[in-house]
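Take the position in the sequence shown, starting the count at 1, then add 14; the result is the number in my numbering.
From the three backbone atoms N, C-alpha and C, an ideal C-beta is built for every residue, glycine too.
I have placed the structure first, in the form of structure tokens, so that the comments after it can refer back to it.
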Amino acid sequence: MPFPVKLGLSVVVTLVIIAAFFHQRALGHEGPQWALLFLAPFMLVALWIFPEVTRKPVDGAPAAGDTRPKGT
């Protein structure tokens with residue numbers, strides 16, 4: 015994922031977490047609001063440290079979407 019996309023997604027996630035925290039507080043739900051603050055850093059760190067999954071073709075295997083029979 016390109017850096018600007020990852021940065022933008024991190025900002026959006028952070029803003030949503032902050033909004034959800036205050037929304038839960040307004041509703042009087044103490045447990046979920048603290049769960050948000052506890053889990054939010056893990057979500058953001060995971061976005062940055064885990065690589066994006068990419069699939070590489072295996073030698074001899076047909077490319078994705080290739081429906082031709084073998085040998086043609």
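Proximity of residue i and residue j at Cβ, strictly below 8 Å
| i | j | result |
| --- | --- | --- |
| Val19 | Met57 | no |
| Phe35 | Gln47 | yes |
| Ser24 | Leu61 | yes |
| Ala13 | Ile31 | Residue 13 is absent from the structure shown; the chain starts at 15 and stops at 86. |
DSSP three-state assignment for residue i, whether helix, strand or coil
| i | result |
| --- | --- |
| His37 | helix |
| Gly22 | helix |
| Val27 | helix |
| Gly42 | coil |
| Met57 | helix |
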